[in-house]
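Notes to accompany the following structure.
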Amino acid sequence: MGRFPFLFLFLLSAPALVTPDGSAIAETPSAQFQKVKDMIDEVGREVDNLERQATDFVNQATETLKAAIKKSEATPEETSVSDSTREIAAKPAIKSSSNPVVYTLPIEGQVRPIMMTLFQRGLKEAEDHDVDLVLLIMDTPGGELGIAEEISRNLLECKVPTATWIRNEGLSAGMLIAISTQRTYMADISLVGDC
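For the sequence shown, this note's numbering assigns the number 2 to the initial residue and increments by one for each residue that follows.
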């Protein structure tokens, strides 16, 4: 009985159990743990890399949008942008002025009654200040259809050019809002439609 604990500890600490001919029978728990840890570390590195790529894409799209707005003043009929952003500039949606003003309205989270109140206030402010473009920044899984229909009506009646940038999600009621603007843009990783 005195030798059994020693043998048990020896087997746990061995790098691998081997047959007399030297081939491995099985990995030790510590070797299996290390493999799992290495796999988790690799997944973490891949997630970090994807996050960097997504951030770079959003930054590039933002810069491209700014450049396209400036360029639209000089040559409104020839406005084009890189393939990666799928034509972010809205040719007819930008008025000619020395410094175009873009008013952004967030459409984030669930579409709820409070969003309608804030949206109407923001849209009125944009119209009162004669901005060049109202840009909706969208990330919504959807919400109340009645509220989305009311926001949609307001957008269709808006005197200011409108566009939507779907940053992450534009689902269900969010998609109804997005298609009510004159232009809709999205990142390659965005989700749109009905869920």
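Even for Gly, the Cβ is constructed at its ideal location relative to N, Cα and C.
If we call anything under 8 Å between Cβ atoms a contact, is residue i one with residue j?
{"i": "C159", "j": "V132", "result": "no"}
{"i": "E103", "j": "A149", "result": "Position check: residue 103 holds Val in this sequence, whereas Glu was assumed. Cβ atoms of V103 and A149: not closer than 8 Å."}
{"i": "T185", "j": "T165", "result": "yes"}
{"i": "I167", "j": "F120", "result": "no"}
{"i": "G123", "j": "A174", "result": "no"}
{"i": "G147", "j": "L172", "result": "no"}
{"i": "V161", "j": "A188", "result": "no"}
Roughly how many angstroms lie between the CA atoms of residue i and residue j, to the nearest whole one?
{"i": "E145", "j": "M176", "result": "12 Å"}
{"i": "T86", "j": "T63", "result": "Note on T86: pLDDT 36, under 50, position unreliable in the model; the coordinate value appears next. Between T86 and T63, the C-alpha separation is close to 9 Å."}
{"i": "I89", "j": "S181", "result": "Its pLDDT being 37, under 50, I89 is placed unreliably by the model, and the measurement read from it follows with that caveat. Cα-Cα distance, rounded: 17 Å."}
{"i": "I138", "j": "L192", "result": "14 Å"}
{"i": "F34", "j": "M40", "result": "10 Å"}
{"i": "M116", "j": "I108", "result": "8 Å"}
{"i": "E170", "j": "G110", "result": "9 Å"}
{"i": "K38", "j": "N50", "result": "18 Å"}
{"i": "T118", "j": "E47", "result": "41 Å"}
{"i": "I178", "j": "K125", "result": "17 Å"}
{"i": "Q61", "j": "A32", "result": "43 Å"}
{"i": "I190", "j": "G45", "result": "19 Å"}
{"i": "A68", "j": "D42", "result": "39 Å"}
{"i": "H130", "j": "T56", "result": "32 Å"}
{"i": "K96", "j": "V59", "result": "Its pLDDT being 47, under 50, K96 is placed unreliably in this model, and the value from its coordinates should be taken loosely. The straight-line gap from Cα to Cα measures roughly 25 Å."}
Quick check on the DSSP output: the alpha helix (DSSP H) that includes residue i runs from which residue to which?
{"i": "R154", "result": "L146 to E158"}
{"i": "P114", "result": "P114 to D129"}
Using DSSP with H/G/I as helix, E/B as strand and the rest coil, what is residue i?
{"i": "T163", "result": "strand"}
{"i": "D140", "result": "strand"}
{"i": "I180", "result": "coil"}
{"i": "N169", "result": "strand"}
{"i": "T185", "result": "strand"}
{"i": "G45", "result": "helix"}
{"i": "V103", "result": "strand"}
{"i": "G194", "result": "strand"}
{"i": "S85", "result": "Note on S85: pLDDT 35, under 50, position unreliable in the model; no value is reported."}
{"i": "V59", "result": "helix"}
{"i": "R4", "result": "No answer about R4 holds up, because its pLDDT of 46 lies below 50 and its placement is not dependable."}
Counting only the same chain and skipping the five closest in sequence on each side, list residues whose C-beta sits under 7 Å from that of residue i.
{"i": "T105", "result": "L136 and I138"}
{"i": "R53", "result": "none"}
So, at 6 Å on beta carbons, what are the nonlocal neighbours of residue i in its own chain, with the 5 sequence-adjacent residues on each side left out?
{"i": "T163", "result": "V135, L156, T182 and Q183"}
Among residues of its own chain, excluding the 5 on either side of residue i, which ones have a beta-carbon nearer than 8 Å to its beta-carbon?
{"i": "P114", "result": "E145 and I148"}
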